[in-house]
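Scroll down for the structure; my scribbles are underneath it.
Numbering (our numbering), first residue to last: 85 to 136.
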């Protein structure tokens, strides 16, 4: 999350390193990510499409 000002909280996607750490901890972990102006839920592993 990011505090833009005192009245607004914005969801921001995790960086690449954070995505790796989340997936290492639990591939099925649910992560909230902004997509096309909406907040959606994805699994941590889905945020790493090239991971094998």
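Positions of the beta carbon are idealized from the N, C-alpha and C atoms, including for glycine.
Euclidean distance between Cα positions of residue i and residue j
i	j	result
residue 130	residue 91	31 angstroms
residue 104	residue 116	15 angstroms
residue 108	residue 98	14 angstroms
residue 121	residue 100	21 angstroms
residue 110	residue 132	13 angstroms
Residues of its chain near residue i, where Cβ-Cβ distance is below 6 angstroms and the 5 sequence neighbours each way are ignored
i	result
residue 118	95
Top-ranked residue by Cα proximity to residue i, from the options
i	options	result
residue 125	134, 114 and 135	114
residue 102	133, 122, 121 and 128	128
Cβ-heavy atom distance, residue i to the ligand MN, below 6 angstroms
i	result
residue 109	Annotation note on the ligand MN: not contained in the displayed structure, which lists no ligands.
8 angstroms CB neighbourhood of residue i in its chain, flanking five on each side removed
i	result
residue 123	95, 116 and 117
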